[in-house]
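Visitor:
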Amino acid sequence: MTVSLLTHLSFYLPEAIAILTMCGLLFVEAAYGMAERGRTLVYITGIIGMVLCLALLGSNVGIAPISLFAKSVVIDSFGTSMKIIMVLGTLGTFFISDKSTDIYENLKSEYLIMATGVLVGGMLLVSATNLLTLYLGIETLSILSYVMTSLKRKESTSQEAGIKYALYGGVTAGIMLFGMSHLYGLFGSINFADIAVGVKTLEGAKFTAALVSFLLFFVGVGYKIACFPFHMWSPDVYQGSPVPVTAFFSIVPKLAGIAVVTRVTMTFFSAESALGDVWSIFLQVIAALTMTVGNLAALRQESVKRMLAYSSIGHVGMILMGVIVMNQTGTNAILFYGLVYMFMTLAAFFITGFVVNRYGSDDHVFFRGLVKNYPFLTICFVLVLFSLAGLPPFGGFVAKFNMISAAINSKLYSLSFIAAINSVISLYFYIRLAKTMTLDQPDEETEELVEYTVPARIYLAALTIPVVVLGIFWDKIYKVYSAATIALGG
Amino acid sequence: MFGLEWYLGISLVLFFVGIAVILSRKNIVAILLGVELILNSAALNFVAYSRFVTQNLDGHIFSLFIIVIAAAEAAVGLAIVIRYFQINNTIHVDEAKELRG
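Here the protein sequences line up with chains A and L, keeping their order.
For the first sequence, the working numbering begins at 136 and goes up steadily by one.
For the second sequence, the working numbering begins at 7 and goes up steadily by one.
(1) In chain A, what lies closer than 7 angstroms to L/Ile28 by C-beta?
(2) Exposed or buried, which one is A/Phe384 when buried takes at least 16 other CB atoms within 10 Å?
(3) Skipping 5 residues on each side, what residues in its chain have a beta carbon closer than 6 angstroms to that of A/Pro601?
(4) Helix, strand or coil: how does DSSP classify A/Ile386 here?
(5) With H, G and I counted as helix, E and B as strand and the rest as coil, what does DSSP make of A/Gly624?
(6) Whose CA, out of A/Gly525, A/Ile486, A/Ser545, A/Leu550, lies closest to the CA of A/Ala115?
(7) According to DSSP, is A/Val428 part of a helix, a strand, or is it coil?
(8) Work out the CA separation of A/Phe511 and A/Asp211 for me, nearest whole Å.
(9) Tell me the rounded alpha-carbon separation between A/Gly224 and A/Val306.
(10) Quick one: what does DSSP say A/His143 is sitting in, helix, strand or coil?
(11) DSSP three-state label for A/Val208, please.
(12) Would you say L/Ala36 reaches chain A, if we count a Cβ-Cβ gap shorter than 8 angstroms as a contact?
(13) Throw me the rounded Cβ distance for the A/Phe629 and A/Met572 pair, which I believe falls under 8 angstroms.
(14) So who's on the other strand from A/Leu203, going by DSSP bridges?
(15) DSSP beta-bridge partners for A/Asn326?
(16) Cβ atoms of L/Tyr90 and A/Gln294: under 8 angstroms apart, would you say?
(17) Out of A/Thr275, A/Leu189, A/Gly159, which has the shortest C-alpha to C-alpha gap to L/Ile75?
(18) Which same chain residues, not among the five before or five after L/Leu20, have their C-beta less than 8 angstroms away from its C-beta?
(19) To be precise: take each residue of the stretch 309–340 of chain A, compare its Cβ to all Cβ atoms of chain L, and keep it if any distance is under 8 angstroms. Which residues remain?
(20) Show which residues of chain A have a CB atom less than 7 angstroms away from the CB atom of L/Ile16.
(21) Apart from the five residues on each side of it in sequence, which residues of its chain come closer than 8 angstroms, Cβ to Cβ, to A/Leu434?
(22) Just confirm the distance between the C-beta atoms of A/Phe229 and A/Leu242, as a whole number of angstroms; I'd bet it's less than 8 angstroms.
(23) Please report whether the beta-carbon of L/Asp100 lies at a distance below 8 angstroms from any beta-carbon of chain A.
(24) Residue range of the alpha helix (DSSP H) that A/Leu160 falls in?
(25) Per DSSP, L/Asn33 is paired with what?
(26) Check each candidate in A/Thr264, A/Ser262, A/Ser232, A/Asn265 and name the one with the smallest Cα separation from A/Met249.
(27) Extract the residue ranges of the alpha helix (DSSP H) inside the stretch 487–565 of chain A, only unbroken runs of 4 or more that lie entirely within it.
(28) Closest to A/Lys335 by CA distance: which of A/Phe403, A/Ala308, A/Lys359, A/Phe417 is it?
(29) Hey, out of A/Ala569, A/Val354, A/Glu150, A/Phe552, whose CA is closest to A/Gly504's CA?
(30) Step through the CB atoms of chain L and report whether any lies within less than 8 angstroms of the CB of A/Arg503.
(31) Nearest CA to the CA of A/Leu144: which residue from A/Met169, A/Ser207, A/Ile393, A/Glu164?
(32) Exposed or buried, L/Leu63, counting other C-beta atoms within 10 Å across all chains shown (16 or more means buried)?
(33) Can you tell me where the alpha helix (DSSP H) holding A/Glu171 begins and where it ends?
(34) Taking contact to mean at least 3 C-beta pairs separated by less than 8 angstroms, is the stretch 363–378 of chain A in contact with the stretch 315–331 of chain A?
(35) Can you list, in chain order, the residues of its chain whose CB lies under 6 angstroms from that of A/Tyr616, leaving out five sequence neighbours each side?
(36) Is the stretch 252–267 of chain A close to the stretch 376–390 of chain A, with three or more CB pairs under 8 angstroms?
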């Protein structure tokens, strides 16, 4: 028994490293403080931890799916690829937090600690094959997120965002649990594999009860990915949080939520499941509404952070298309979209961070004529905006193209049509920001950007180049992902 | 004497009372109380199903986890509410509307 537990742990090393990094950060901060030397040490600890985590995840890529800890988690290629994207995203926001003055200097260590904690929760969520681990993952993710939102302790907006996040989060988690409890009663187990067997032979009153329970269950997950009826919190929280936290929220919790929706859908609602058709139609409606609402609301936003929040809602609707097709093409498209989305979001928030550093606000007017003084910064942002809008030859285009082609292959014609229309709508608000930066005249007294140093420029280039390169050499990364099968149940 | 239906009925009542509290009360602390009611209704369901239907321990363990996490969530929620109160001198939800777009 002990031996098998150790073997299980050896597959769970990336998560263990992430937890150790969190503890190490706590110790380093307690021992050295956040003065000059302590600050460097904290960042070095965080970066080393994440790089180690990446290396260990890399060694897990391509192994056959394996169930660990009494079938409560599964290690498979899909989950591992998703975790790699999440760890990269966390590492990226570490660099953003280093350059941002939006977080108080002495709270930056707290940011690193809590971001790593959220990452641990997200990794648990991605590989959960049991209702209990799923719930634990969601709550680890959520509770730390509430604190991260209110990290600007002296500002009322940040606290307000935290309250909204915590209240919505608590309510949706409660509703999800209520659904889970009935699933447990209906199927007699909290294991995905046992529930999946039960789902195949549902009929009569049990069918209705299971459907209602699954819908209640979806409330909690849907809230984490901010899809249509549960998206209301997202713009407020994004606007109220410090910039690095906003960047973090639009990557790690969202991708973890997408991964869990994918796993749940493919385990319970495949073609032979009694609920498959109903669930597919339900998800199609949700996806269509999510992208339409997100993109339409983004049209009239003056705050760039709010605009990016609504645009990320639109992107989630697009990614949900890959969930609905429920096959290998779909999961590949999800992973590729996730990777490109991660780079684009990091770059967009990194640049927004500089404007927030300088003016303390992310309003459209502060982006006016940025090209005059900062041509490199502006060019990078314009490239990223084009990619977000889905123009060729950037990564965003290939990601959207793959997603829509996966949907068309599965005969989801109307949904693909809605996705194409949404791409056109989103073009307007991305190009509008690009126009503000390049063609509009700057105000009289333009001031120097804070912290816009040479390392910051190198980091910005390192974020922008993948966006372009992924658009041209996408087939290389696709070959890697085509091995990324998803393990069902467990 | 009391069968499964009783427990499910009580938990359903708790659930809807919780929802009603969340929708009707304007005090943030009262809303947090409503959230606790919903969480407890789910925990009660788990224990009842575990006792009457499935006869395994999964439900009991799940309900213990729910209690622990509910406490953690309430602690974080109240901490943020206290910060908000220190800044704005109110915990009324209708006052919390600075963030609009």
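From the three backbone atoms N, C-alpha and C, an ideal C-beta is built for every residue, glycine too.
It should be emphasised that the depicted structure is a prediction, and the values quoted were computed from it without experimental measurement.
Guide: Taking the definition as stated:
(1) As a position in the second sequence, residue 28 of chain L is number 22, starting the count at 1. Here the neighbours are Val306.
(2) In the first sequence, counting from the first residue as 1, residue 384 of chain A sits at position 249. When all chains shown are included, A/Phe384 counts as buried.
(3) Within the first sequence, the letter at position 466 stands for residue 601 of chain A. Only residues of its own chain outside the window of five on either side were considered, and among them Phe478 have a CB closer than 6 angstroms to the CB of A/Pro601, listed in chain order.
(4) Here residue 386 of chain A refers to the residue found at position 251 when the first sequence is read from its first residue. In the three-state reduction of the DSSP assignment, A/Ile386 falls in the coil class, being assigned neither a helical nor a strand state.
(5) Here residue 624 of chain A is taken as the residue at index 489 of the first sequence, counted from 1. Reliability of the predicted coordinates at A/Gly624 is poor, the pLDDT of 46 falling under 50, and no value is obtained from them.
(6) No answer is possible for residue 115 of chain A: it lies beyond the span of chain A, which begins at 136 and ends at 625.
(7) For the purposes of this step, residue 428 of chain A is identified with residue 293 of the first sequence, where counting begins at 1. The answer is helix: DSSP assigns A/Val428 an H, G or I state.
(8) As a working mapping, residue 211 of chain A is identified with position 76 in the first sequence. As a working mapping, residue 511 of chain A is identified with position 376 in the first sequence. Answer to the nearest angstrom: the Cα atoms are 40 angstroms apart.
(9) Stepping through the first sequence from its first residue, residue 224 of chain A is reached at position 89. Stepping through the first sequence from its first residue, residue 306 of chain A is reached at position 171. In a straight line, the C-alpha of A/Gly224 is about 28 angstroms away from that of A/Val306.
(10) Counted from its first residue, the first sequence places residue 143 of chain A at position 8. In the structure shown, A/His143 sits in a helix (DSSP, three-state: H, G or I).
(11) Counted from its first residue, the first sequence places residue 208 of chain A at position 73. In this structure, A/Val208 counts as strand in the three-state DSSP scheme.
(12) In the second sequence, the residue the question calls residue 36 of chain L occupies position 30. L/Ala36 does not count as touching chain A.
(13) Outside the displayed span of chain A (136 to 625) sits residue 629 of chain A, for which this structure offers no information.
(14) Your numbering for residue 203 of chain A matches position 68 in the first sequence. DSSP lists A/Val208 as partners of A/Leu203.
(15) As a working mapping, residue 326 of chain A is identified with position 191 in the first sequence. The partner list for A/Asn326 (beta bridge, DSSP) reads A/Asn265.
(16) Indexing the first sequence from 1 puts residue 294 of chain A at position 159. Indexing the second sequence from 1 puts residue 90 of chain L at position 84. Their beta carbons are under 8 angstroms apart, which means A/Gln294 touches L/Tyr90 by this criterion.
(17) Here residue 75 of chain L refers to the residue found at position 69 of the second sequence. Nearest option by C-alpha distance: A/Thr275.
(18) Walking along the second sequence from the start, residue 20 of chain L turns up at place 14. Excluding sequence neighbours, L/Leu20 sits near Leu43, Ile44, Asn46, Ser47, Leu50.
(19) Gly309, Ile310, Leu312, Phe313, Met315, Ser316, His317, Tyr319, Gly320, Gly323, Ser324, Ile325
(20) Numbered from 1 along the second sequence, position 10 holds the residue referred to as residue 16 of chain L. Within chain A, no residue comes near L/Ile16; the closest Cβ sits about 13 angstroms away, beyond 7 angstroms.
(21) Against the first sequence, residue 434 of chain A aligns to sequence position 299. Closer than 8 angstroms at Cβ, skipping near neighbours: Ile560, Tyr563, Phe564.
(22) If you number the first sequence from 1, residue 229 of chain A lands on position 94. If you number the first sequence from 1, residue 242 of chain A lands on position 107. About 14 angstroms separates the two Cβ atoms, so there is no contact after all.
(23) By one-based count along the second sequence, residue 100 of chain L stands at place 94. Cβ-Cβ to chain A under 8 angstroms: no for L/Asp100.
(24) The residue labelled residue 160 of chain A in the question sits at position 25 within the first sequence. Going by DSSP, A/Leu160 is part of the alpha helix (DSSP H) stretching over 148–167.
(25) Position 27 of the second sequence, counting from 1, holds the residue named residue 33 of chain L. DSSP output for L/Asn33 lists L/His98 as bridge partner(s).
(26) Working through the first sequence from its first residue, we reach residue 249 of chain A at position 114. The closest CA to that of A/Met249, considering only A/Thr264, A/Ser262, A/Ser232, A/Asn265, is found on A/Ser232.
(27) 505–508, 510–524, 530–544
(28) Counted from its first residue, the first sequence places residue 335 of chain A at position 200. The shortest Cα separation from A/Lys335 among A/Phe403, A/Ala308, A/Lys359, A/Phe417 belongs to A/Phe403.
(29) Residue numbering aside, residue 504 of chain A sits at position 369 when the first sequence is read from its first letter. Among A/Ala569, A/Val354, A/Glu150, A/Phe552, the Cα nearest to that of A/Gly504 belongs to A/Ala569.
(30) Counting from one through the first sequence, the residue named residue 503 of chain A turns up at place 368. Chain L contact via Cβ: absent.
(31) For the purposes of this step, residue 144 of chain A is identified with residue 9 of the first sequence, where counting begins at 1. Nearest in C-alpha terms to A/Leu144, of all of A/Met169, A/Ser207, A/Ile393, A/Glu164, is A/Ser207.
(32) For the purposes of this step, residue 63 of chain L is taken as residue 57 along the second sequence, with counting starting at 1. Flag for L/Leu63 reads exposed.
(33) Here residue 171 of chain A is taken as the residue at index 36 of the first sequence, counted from 1. That run of the alpha helix (DSSP H) goes 171–195.
(34) Too few Cβ pairs lie closer than 8 angstroms, so no.
(35) Within the first sequence, the letter at position 481 stands for residue 616 of chain A. Here the set comprises Asn467, Leu470.
(36) yes
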